[in-house]
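Step one of this worksheet: look at the structure below.
There are 2 protein chains.
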Amino acid sequence: MTELAEPKRARGRPKKTEGERDDGNRRQALISAAAQLFHLKGYDATSTREIAAQVGMQAGSPFYHFGNKQDLLLAVMVEGMKQAIERQRAACAAQGKDLSAREQLRTLIRNQFDVLLGPDSDFIPVMLYEWRSLNDAQRQTITRIKDDYEAAWTPVLQALHDTGQLQAPVGLARLMIFGALNWSVQWYEAPSTTSPSSPTRRATLDELTESALQLFLPDRAAAAAT
Amino acid sequence: MTELAEPKRARGRPKKTEGERDDGNRRQALISAAAQLFHLKGYDATSTREIAAQVGMQAGSPFYHFGNKQDLLLAVMVEGMKQAIERQRAACAAQGKDLSAREQLRTLIRNQFDVLLGPDSDFIPVMLYEWRSLNDAQRQTITRIKDDYEAAWTPVLQALHDTGQLQAPVGLARLMIFGALNWSVQWYEAPSTTSPSSPTRRATLDELTESALQLFLPDRAAAAAT
DNA sequence: CCTACCGATCGGTAGG
DNA sequence: CCTACCGATCGGTAGG
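As you go down the protein sequences, you meet chains E and V in turn.
Using this note's numbering, you'd call the opening residue of the first sequence number 62 and step up by one each time.
Using this note's numbering, you'd call the opening residue of the second sequence number 62 and step up by one each time.
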């Protein structure tokens, strides 16, 4: 199952074209493999040997790139957050500034589902569910980055609160909304390779976004019609 | 920190009053200790030796009560769900049948916060976050019990949907609401023993309930006033 | 980055 | 439920 992910190598260690440093390349491969395995089996249940094997290394080699297993976990989370922040920035920038707060929230939610469930979505779930395995210093590092990510949500929620569209306290609302979205990692079904068209097709990320928006910001007109 | 939880014992093994079988007692003690440690450190990071030590047993003794570590994990989850279902049944029964769907949802949410964050709240978080460590047969067992627990929510949400108070599809709404509530395990601060009155007092479970209700079922009158 | 290796820990068992 | 124990695995290291 992992053969495709392995770099091709002609027996033994990969001969690198001389003069070219691809340290970053191998390091990245370790981070990606770790993200995949940590997501699938959990941090504690994944051995550094498995990670090494997945990228075609020997048992001790990951420790040439990372001081210890915990540092590798941190690298997975940092990498994931960097991607998430960049995607969020791009998504918000792409829609201009004069949209309604409701539309801005839609964009943020849609991006969050993408980060959680879309392609290359192993990193953030690891961050969400392996927090416990970090040490204090590492937690501080991640907290700083996460605060940066979440900062984009506060003004939008505040605006909705000011207009009465969102009645719950902004701080708690943010936590509960993140909970509702993040929890999807637990139940959203990965696209199954078996059963080409399953009887109950799973919702698309757009449908999830729409439902979340309906849940948190019900449509006034539709509600009044009752 | 765990001394208080340990049964008092006068050196060595506890001398049981003769004729009295307290197998259930020791078994329960193991389940409680396991719940505590699994919640605090995670399943994989908790050794059966630690659990044994916490109840004053020797390293191999837990395996007199449980075939293996996984079975102990299952027992923690089953015990937690039994308690949760019983509490939910009692909470719903205590309020009669002719309350509005909104009030019924309030009761369900309040009970869920209690199960997640109140006293003896180690069991359900373990169930929520250690699902991965179960085998297939065990997952089926828990799924059945969990379906039973969640069944109480569906008619309430359906009623709210029928009246237009809840616009999102009932199934997705249930998943997202559970997510919003369950996620609180990650951020809700345990009562700190230090700092007698912290500057930003943490919300009470009643306040959390009210905010959640505001988030999912905003008050019509308040919204219309804007 | 590989080879060869080590100390520690862990789940679990036999036999009482 | 304790005593005594084992096989397996794991994170990590020295030395090249």
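Don't be surprised by glycine CBs; every beta carbon is placed ideally from N, CA and C.
Computed from a predicted structure; not experimentally measured.
Does the beta carbon of V/A106 sit closer than 8 Å to a beta carbon anywhere in chain E?
To locate residue 106 of chain V, count along the second sequence from 1; it is residue 45. It does; some Cβ of chain E falls within 8 Å.
Using C-beta distances below 7 Å, list every residue in its chain close to E/A273, excluding the 5 sequence neighbours before and after it, in chain order.
Counting from one through the first sequence, the residue named residue 273 of chain E turns up at place 212. Taken in chain order, the residues that qualify are I170, A241 and L242.
Given a cut-off of 8 Å, decide if E/H126 and E/L91 are closer than it, judged by their beta-carbon atoms.
By 1-based counting over the first sequence, the position of residue 91 of chain E is 30. By 1-based counting over the first sequence, the position of residue 126 of chain E is 65. Yes. Within cutoff.
Mapping the DSSP letters down to three states, classify V/W244 as helix, strand or coil.
Reading the second sequence from its first residue, position 183 is the one you call residue 244 of chain V. Of the three classes helix, strand and coil, the one that applies to V/W244 here is coil, per DSSP.
Cutting at 7 Å between CB atoms, please list the residues of its own chain near E/L218, excluding the five before and the five after it.
One-based indexing of the first sequence puts residue 218 of chain E at position 157. Hits under 7 Å: L227, V231, A234 and R235.
Would the segment 265–279 of chain E and the segment 203–211 of chain V be scored as touching if the rule is three or more Cβ pairs under 8 Å?
no
Span of the alpha helix (DSSP H) holding E/F124?
What you label residue 124 of chain E is simply residue 63 of the first sequence in a count that begins at 1. First-last of the alpha helix (DSSP H) with E/F124: P123 to H126.
Measure from the C-beta of E/S245 to each C-beta in chain V and report whether the shortest distance is under 8 Å.
Taking the first sequence and counting its residues from 1, one reaches residue 245 of chain E at position 184. It does: the Cβ of E/S245 has a partner Cβ on chain V nearer than 8 Å.
Counting C-beta neighbours from all protein chains within 10 Å, is the total for E/R87 16 or more, i.e. buried, or is it exposed?
As a first step, residue 87 of chain E must be located in the first sequence, where it is residue number 26. Flag for E/R87 reads buried.
If we define contact as Cβ-Cβ less than 8 Å, is V/G240 a contact residue for chain E?
As a working mapping, residue 240 of chain V is identified with position 179 in the second sequence. With 8 Å as the cut-off, V/G240 counts as an interface residue toward chain E.
Can you check which of these residues, V/D223, V/L276 and V/Q156, is closest to V/M237 by C-alpha distance?
Against the second sequence, residue 237 of chain V aligns to sequence position 176. Checked all of V/D223, V/L276 and V/Q156; the closest Cα to V/M237 is V/L276.
Evaluate E/G85 with the Cβ neighbour count: other Cβ atoms within 10 Å of its Cβ, from every protein chain shown; 16 or more gives buried, anything less gives exposed.
Walking along the first sequence from the start, residue 85 of chain E turns up at place 24. E/G85 should be labelled exposed.
What does V/A264 touch in chain E if you count any residue whose Cβ is under 8 Å from its own?
What you label residue 264 of chain V is simply residue 203 of the second sequence in a count that begins at 1. Those are L233, listed as they occur along chain E.
With the cut-off set at 8 Å, would you say V/P123 and V/T109 are in Cβ contact?
In the second sequence, counting from the first residue as 1, residue 123 of chain V sits at position 62. In the second sequence, counting from the first residue as 1, residue 109 of chain V sits at position 48. Here V/P123 is near V/T109, since their CB atoms are less than 8 Å apart.
Counting C-beta neighbours from all protein chains within 10 Å, is the total for V/Q173 16 or more, i.e. buried, or is it exposed?
Taking the second sequence and counting its residues from 1, the one referred to as residue 173 of chain V is at position 112. That one is buried.
Can you tell me whether E/R167 is buried or exposed, with buried defined as 16 or more other CB within 10 angstroms of its CB?
To locate residue 167 of chain E, count along the first sequence from 1; it is residue 106. When all chains shown are included, E/R167 counts as buried.
Determine whether the Cβ of E/Q228 lies closer than 8 Å to any Cβ atom of chain V.
For the purposes of this step, residue 228 of chain E is taken as residue 167 along the first sequence, with counting starting at 1. Taking Cβ atoms only, chain V reaches closer than 8 Å to E/Q228, which makes this a yes.
Run down chain V in chain order and give the residues with a C-beta less than 7 Å from the C-beta of E/A145.
Start at 1 with the first residue of the first sequence, and residue 145 of chain E comes out as number 84. Simply none; closest approach about 17 Å.
Taking C-beta pairs closer than 7 Å, name the residues in chain V that E/D280 reaches, listed in chain order.
If you number the first sequence from 1, residue 280 of chain E lands on position 219. Within chain V, the residues near E/D280 are Q228.
Going by Cα to Cα distance, which pick from V/W192, V/S161 and V/T270 is closest to E/L101?
Translated into positions along the first sequence, residue 101 of chain E becomes position 40. Of the listed residues, the one whose Cα sits closest to E/L101 is V/W192.
Roughly how many angstroms separate the alpha carbons of E/L135 and E/A282, rounded to a whole number?
Looking up residue 135 of chain E in the first sequence gives position 74. Looking up residue 282 of chain E in the first sequence gives position 221. Their backbone Cα atoms lie some 47 Å apart in a straight line.
Quick one, which of V/F99, V/V246 and V/V139 has its alpha-carbon nearest V/R200's?
Numbered from 1 along the second sequence, position 139 holds the residue referred to as residue 200 of chain V. Ranking the options by Cα distance to V/R200, first place goes to V/V139.
Comparing C-alpha positions only, which one of V/K143, V/A94, V/Q247 and V/A152 sits nearest to V/I203?
Mapped onto the second sequence, residue 203 of chain V falls at position 142. Closest in alpha carbon position to V/I203, among V/K143, V/A94, V/Q247 and V/A152, is V/K143.
Tell whether a beta-carbon distance below 8 Å holds between V/A95 and V/L133.
Reading the second sequence from its first residue, position 34 is the one you call residue 95 of chain V. Reading the second sequence from its first residue, position 72 is the one you call residue 133 of chain V. Closer than 8 Å, so yes.
Just the Cα atoms here: how many angstroms apart are E/E271 and V/H222?
As a working mapping, residue 271 of chain E is identified with position 210 in the first sequence. As a working mapping, residue 222 of chain V is identified with position 161 in the second sequence. Those two C-alpha atoms are separated by around 16 Å.
Do you know offhand how far V/I185's Cα is from E/D159's?
Stepping through the second sequence from its first residue, residue 185 of chain V is reached at position 124. Stepping through the first sequence from its first residue, residue 159 of chain E is reached at position 98. Near 44 Å, if we compare the C-alpha coordinates of E/D159 and V/I185.
Contact check, E/S182 vs E/Q131 under 8 Å by CB: the rounded distance?
As a first step, residue 182 of chain E is located in the first sequence; it is residue number 121 there, counting from the start. As a first step, residue 131 of chain E is located in the first sequence; it is residue number 70 there, counting from the start. 22 Å between Cβ atoms; not a contact.
Residues of the segment 265–276 of chain V in Cβ contact with chain E at a cutoff of 9 Å, in chain order, please.
From the segment 265–276 of chain V, only E268, L269, E271, S272, A273, L274, Q275 and L276 have a Cβ closer than 9 Å to chain E.
Scan the segment 85–149 of chain V and note each continuous alpha helix (DSSP H) run of 4 residues or more that stays entirely inside, going in chain order.
109–115 and 123–126
I'd like to know if V/M188 contacts chain E, where contact means its C-beta is closer than 8 Å to some C-beta of that chain.
Sequence index remark: in the second sequence, residue 188 of chain V carries index 127 (1-based). Closer than 8 Å: no.
Could you list which residues in chain V have their beta carbon closer than 7 Å to that of E/P248, in chain order?
Start at 1 with the first residue of the first sequence, and residue 248 of chain E comes out as number 187. In the sequence as presented, Pro is not what sits at residue 248 of chain E; that position holds Trp. Neighbours of E/W248 on chain V, chain order: L236.
Would you please state the rounded distance, in angstroms, between the beta carbons of E/V137 and E/V176? I believe it to be under 8 Å.
What you label residue 137 of chain E is simply residue 76 of the first sequence in a count that begins at 1. What you label residue 176 of chain E is simply residue 115 of the first sequence in a count that begins at 1. So it is not a contact: roughly 14 Å between Cβ atoms.
Please confirm whether V/R193 has its beta-carbon closer than 8 Å to some beta-carbon of chain E.
In the second sequence, counting from the first residue as 1, residue 193 of chain V sits at position 132. True, the Cβ-Cβ gap to chain E drops below 8 Å.
Measuring alpha carbon to alpha carbon, tell me which of E/N129, E/C153 and E/Y249 ends up nearest E/N196.
Stepping through the first sequence from its first residue, residue 196 of chain E is reached at position 135. Ranking the options by Cα distance to E/N196, first place goes to E/N129.
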